[in-house]
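The structure appears right after this line, and notes come after that.
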Amino acid sequence: MSALPLRLDRAASDPLPVQLAGQIRALILAGTLERGDRLPSSRALAADLGTSRAVAEQAYEQLIAEGWLQGRRGSGTYVGAPPGPIRPRRPRRSSVATDAPLRHLDTGTPWTDPCSTAGWRRAWREVSTATPPRGYDDPRGLPELRVALADRLARTRGLEADPDEIVLTAGTTDALRQLLPELPPGAIAVEDPGYRAAVETVRTFGRRVVDLPAIEPVTDLHGCAAAYVTPAHQHPLGRVMPAADRLTLLDAARASDAVVVEDDYDSEFRYDVAPVPALATLDRERVAYVGTAAKSVIPTLRLGWLVPPSDLLDAVVRRRTITHAGAAWPSQRALLTLLRDGWADKAVRAARRVYAERAPRVAAAMSPHAELAGPLAGMYSTWLLPQADAVRARDAALAAGFRLNLLSSYSRSSGLTGLVIGFGGVTDDELDRALAVISRAL
Ligand SMILES: Cc1ncc(COP(=O)(O)O)c(C=O)c1O
Numbered sequence: 000m001s002a003l004p005l006r007l008d009r010a011a012s013d014p015l016p017v018q019l020a021g022q023i024r025a026l027i028l029a030g031t032l033e034r035g036d037r038l039p040s041s042r043a044l045a046a047d048l049g050t051s052r053a054v055a056e057q058a059y060e061q062l063i064a065e066g067w068l069q070g071r072r073g074s075g076t077y078v079g080a081p082p083g084p085i086r087p088r089r090p091r092r093s094s095v096a097t098d099a100p101l102r103h104l105d106t107g108t109p110w111t112d113p114c115s116t117a118g119w120r121r122a123w124r125e126v127s128t129a130t131p132p133r134g135y136d137d138p139r140g141l142p143e144l145r146v147a148l149a150d151r152l153a154r155t156r157g158l159e160a161d162p163d164e165i166v167l168t169a170g171t172t173d174a175l176r177q178l179l180p181e182l183p184p185g186a187i188a189v190e191d192p193g194y195r196a197a198v199e200t201v202r203t204f205g206r207r208v209v210d211l212p213a214i215e216p217v218t219d220l221h222g223c224a225a226a227y228v229t230p231a232h233q234h235p236l237g238r239v240m241p242a243a244d245r246l247t248l249l250d251a252a253r254a255s256d257a258v259v260v261e262d263d264y265d266s267e268f269r270y271d272v273a274p275v276p277a278l279a280t281l282d283r284e285r286v287a288y289v290g291t292a293a294k295s296v297i298p299t300l301r302l303g304w305l306v307p308p309s310d311l312l313d314a315v316v317r318r319r320t321i322t323h324a325g326a327a328w329p330s331q332r333a334l335l336t337l338l339r340d341g342w343a344d345k346a347v348r349a350a351r352r353v354y355a356e357r358a359p360r361v362a363a364a365m366s367p368h369a370e371l372a373g374p375l376a377g378m379y380s381t382w383l384l385p386q387a388d389a390v391r392a393r394d395a396a397l398a399a400g401f402r403l404n405l406l407s408s409y410s411r412s413s414g415l416t417g418l419v420i421g422f423g424g425v426t427d428d429e430l431d432r433a434l435a436v437i438s439r440a441l
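In terms of numbering that gives the first Met the number 0, the sequence shown has 63 at position 64, counting the first letter as 1, and numbering is strictly consecutive.
Laid out in C-alpha cells, this is it:
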C-alpha cells in the first residue's frame with residue numbers, strides 16, 4: 000500500500016501499468032488528487048507498491064500523454080488536470096420503459112406483412128456472407144442495386160434512367176441534402192401544407208423557404224433555385240397533381256431556371272387506378288427525381304435514390320466522393336436481395352390490398368364529420384375540419400393511447416386545418432378503436 004490508496008492485483012487480466020494509471024485517473028476524477036498535487040517519484044511509488052519502477056514509469060507516461068499529469072524536469076510529476084471532482088454524468092432516464100405505449104396513426108409508418116420474415120432472413124443471410132467493398136468504392140452506390148433500381152423505376156414509374164444516373168441515398172431528406180449545395184443561390188419553394196422534413200432541411204442549409212400553395216397550379220418560381228413537390232400524392236393533402244398543372248410547373252421552372260425536386264414517396268399505393276407516371280418522365284433535365292424505400296420496404300432501412308438532372312449529377316457525385324456521403328452497404332445489399340427475389344413487389348401488392356381495405360373504413364368514420372382533402376390513396380388520409388374540432392379529436396385520441404397529427408402542423412401560411420390519419424402502422428383492431436374515439440369526439 001502506498002501513501003495513496005492504490006492496490007495492484009497481480010491476478011487481474013489488466014497489465015499492472017494499466018491498473019495503476021486507471022486508479023490514479025480515478026483519484027483525480029474523484030477530487031482526491033487535485034491540480035498541482037505532487038505525486039511520489041516513480042522509484043518511491045514502485046517501492047510502496049512492491050513492483051518494478053518500470054510499472055510506475057509507464058503509468059505516469061500514459062497519464063502525462065492523456066493530459067492528467069505533467070512531468071516537470073527535475074522537480075517531479077504533478078496533477079495537471081482540471082481541479083475539483085468531475086461528477087460522472089447521471090445516466091438519463093430511458094423513456095423506452097416508462098412511456099405509455101402510444102400507437103401512431105402517422106403518415107410515415109407503412110403496414111408490413113407479419114408473414115414476410117423469410118425474405119428478410121434471406122436478405123440478411125446474404126449480407127452476412129457477401130464480401131463488402133474494401134474501400135469507399137463507387138460513390139453512387141452498389142452497382143448491382145442501381146441496375147435493379149433502374150429496372151424498377153422503368154417498370155413502376157415509367158422513368159427511364161441509366162444505372163449510372165442513379166445515386167443511392169440514406170433516404171429522401173438525404174437526397175435533398177445532396178442536391179442543395181449544388182443548386183444556384185435562391186430560395187426553395189416547398190408546398191404549403193407540405194413535407195416538414197423538407198422544410199427543416201432547406202432551412203438547415205440557410206436557404207429561405209417560399210410557400211407554394213399545395214393545391215394551385217405553380218405559375219411563378221421567380222427567385223427560386225428549386226421547387227420541392229409531391230406530385231403523385233401531395234403530402235399531406237393527398238391530391239394528385241393534374242397533367243395540366245405538371246406542364247405549368249415545368250414551364251415556370253424553365254422560365255426561372257429552377258430545378259423541380261420530385262418527392263415520389265408513396266406513389267405505388269394507388270388502389271383505384273395504376274400509379275400516375277413520375278413527373279420526371281416529362282423532363283429529365285429539369286426534374287430531380289427522389290425515391291425512397293421507406294414506404295415500399297421499411298423506413299428504418301434508411302435507403303433512397305436520387306436521379307438528378309444530368310447537369311447536377313457530376314457535381315453530386317464529386318461531392319459524395321469527397322465527403323463519403325454514401326448509403327450504408329449492408330442496407331444496400333439487403334435491398335438488392337429483396338428486389339431480386341421479388342419480395343419488394345410482393346410486399347407492395349400486399350400492403351396495397353390492406354390500405355385499399357382500411358382507407359374506406361377511415362372514410363366511413365370520418366366523412367359524416369369532415370371533408371376529405373384528396374382522393375383515397377397511400378397509407379393516410381387528410382380531413383378538413385375547424386381547428387377546435389381537430390384539436391378535440393386529436394386530444395381524445397391521445398387520451399386513448401393514439402397519436403395523430405393536426406393538419407395545421409404541416410401548414411405554414413395556408414391556414415388549412417384538420418386531421419391527418421395514418422392507417423399503416425396499427426392493427427385493424429387498433430384502427431377501429433382509434434376511429435371510434437375520434438368519431439365520438441367529433
Ligand atoms: C412526403 C414524404 N416524403 C418522403 C418520406 C420518406 O422519407 P425518408 O426516405 O427519409 O424515410 C416521407 C415519410 O414519411 C414523407 O412523408
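Note that beta-carbon positions come from the ideal geometry of N, C-alpha and C, so glycine has one too.
C-beta atoms of residue i and residue j nearer than 8 Å
i, j, result
"Q18", "L7", "yes"
"I420", "V361", "yes"
"L375", "A358", "yes"
"A186", "V208", "yes"
"A372", "L236", "yes"
"G140", "L167", "yes"
"L278", "V258", "no"
Of the residues the options, the one placed nearest residue i, counting alpha carbons only
i, options, result
"Q177", "L311, L158, D265", "L311"
"T111", "V296, V390, A372, T172", "V296"
"P180", "D191, F204, T168, R195", "F204"
"T336", "I63, R206, E125", "E125"
"T128", "A398, E190, A314, A333", "A333"
"A169", "A292, V275, R202", "A292"
"W328", "L3, L302, A46", "L302"
"P162", "A251, V425, S309", "S309"
"D13", "R71, R411, A58, S413", "A58"
"L220", "D256, R202, A242", "D256"
"Q69", "R34, A53, L3", "R34"
"A224", "P230, A251, A243", "A251"
Residue(s) in a DSSP beta bridge with residue i
i, result
"P212", "D191"
"D262", "V289"
"E370", "L383"
"H103", "R402"
"C223", "A186"
"G483", "What the structure shows of the chain is the stretch from 0 to 441, and residue 483 is not part of that stretch, so it cannot be assessed."
"R151", "None; R151 has no bridge partner."
"G303", "T168, T291"
"T116", "T116 is not bridged to any residue."
"G70", "T76"
"V146", "None, per the DSSP bridge assignment."
"L38", "T76"
"V443", "Residue 443 is absent from the structure shown; the chain starts at 0 and stops at 441."
Through-space distance from residue j to residue i, alpha-carbon basis
i, j, result
"A355", "L305", "28 Å"
"H103", "A188", "29 Å"
"P142", "P298", "22 Å"
"A43", "A20", "16 Å"
"P100", "D210", "36 Å"
"G73", "A25", "26 Å"
"P109", "A213", "24 Å"
"L144", "R253", "32 Å"
"D340", "R439", "45 Å"
"F401", "H232", "24 Å"
"P138", "I165", "11 Å"
"Y270", "R348", "10 Å"
"I63", "S40", "14 Å"
"M0", "G66", "Note that M0 scores a pLDDT of 41, beneath 50, so its modelled location is shaky; the value from the coordinates is reported in the next line. About 25 Å."
"R238", "E215", "11 Å"
"R527", "V286", "Nothing can be reported for residue 527: it is not among the residues displayed for the chain, which extend from 0 to 441."
"G314", "E267", "Correcting the residue identity first, residue 314 is Ala in this sequence and not Gly. Going by the C-alpha atoms only, they are around 30 Å apart."
"I27", "G49", "23 Å"
"A174", "G377", "22 Å"
"L418", "G193", "14 Å"
"A364", "A435", "8 Å"
"L430", "G30", "57 Å"
"H234", "D263", "10 Å"
"D282", "D265", "21 Å"
"G290", "L441", "36 Å"
>> For a minimum of 3 consecutive residues, which ranges assigned as the beta strand (DSSP E) are wholly contained in the segment 401-432?
In response: 417-421
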